[in-house]
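Some notes on the structure that comes next.
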Amino acid sequence: MKEAPLVEHLEELRARILWSLLAWAVGTGVAWTFRVQLLEWLKRPLDLAAKAHGIQVNLIVLDITEPFLVSLKVAAFGGLVLALPFIVYQVWAFIAPGLYEHEKRLAVPFLLGAGFSFALGALFAYYAFLPFAVPFLLGFLGDVVTPQISIGRYMGQILMMLTVMGVVFEMPVVSYLLARLGILTSSFLARNWRIAVVLLLTLAAVITPTVDVVSLFIVSGPLLVLYWVSVLVARLAERQRPQEAA
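Those letters in the sequence shown? Residues 1 to 246, per UniProt numbering, in order.
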């Protein structure tokens, strides 16, 4: 007896999720061998802050399991970056059977755009925001104190910032794809820009570790620019749809 379409879709979804998790696990295993180099790379903003203020900053561990957990966390982030193209492909493969042939040609641009946008967002956080935010936070007391920072909390904050900014930078890619599929319109995005501004400012305030206006602007500025870029690429996608239909 043939299974119901809903059951088949759920089975396929489960398989896609399992393959994605397996790819993430393999990527994590690869990144584990480079965990020391990744830790040094993620520690660089802290070293720049110490050099800028002429102070000594020590990363410490608070319990015996913290080194292993931090290594696992860093390797998991590296594994996610390595596995991201495959994970995005699994998402596309799940929705592709319900698309027209001209819509399926979006697969390669979508995969490349998603990977590039995530990397661009993470690099923006690492090179544009963190070198400013970390020295700002550590510079309040100057050399009065010697900072003793938990490596677990530090790496958690840095990785959260890189991940969130990488995901947020996917906005133009997702907007273009949804507009090409007829799910989203540029007029809807433009009409609701006030709501988007409030949501993006709230998101920037949540992920910004500092409370000053300058840091909030450094994070929220690119997010607002990305939103209007999303409006433009959605409009471009709408113009391309009639040509493909013809």
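Backbone N, C-alpha and C fix where the C-beta goes; we use that ideal spot for every residue, glycine too. Treat the numbers as computed from the prediction; the structure is a model and nothing was measured.
Across the set Pro97, Tyr176, Pro45, Val198, the C-alpha of Tyr176 shows the shortest separation from the C-alpha of Gly113.
A Cβ-Cβ separation of about 3 Å places Thr28 in contact with Gly79 under the 8 Å criterion. For Gln157, the enclosing alpha helix (DSSP H) stretches over residues 151-168. When the beta-carbon positions are compared, Gly152 and Glu66 come within less than 8 Å of each other. The beta carbon of Ala49 lies closer than 6 Å to those of Val134, Pro135, Leu138 in the same chain, with the five residues before and after it left out. Under the three-state reduction of DSSP, Ile60 is assigned to strand. The beta carbon of Ala96 sits closer than 8 Å to those of Lys104, Ala107, all from its chain and outside the five residues before and after it, given in chain order. By a beta-carbon distance limit of 8 Å, Met171 does not contact Ala125. Their separation comes to about 15 Å.
By the criterion of a C-beta distance shorter than 6 Å, Ala31 is surrounded in its chain by Ala75, Gly78, Gly79, once the five residues flanking it on both sides are discounted. According to the DSSP assignment, Arg105 belongs to no alpha helix (DSSP H), since it is labelled neither H nor E.
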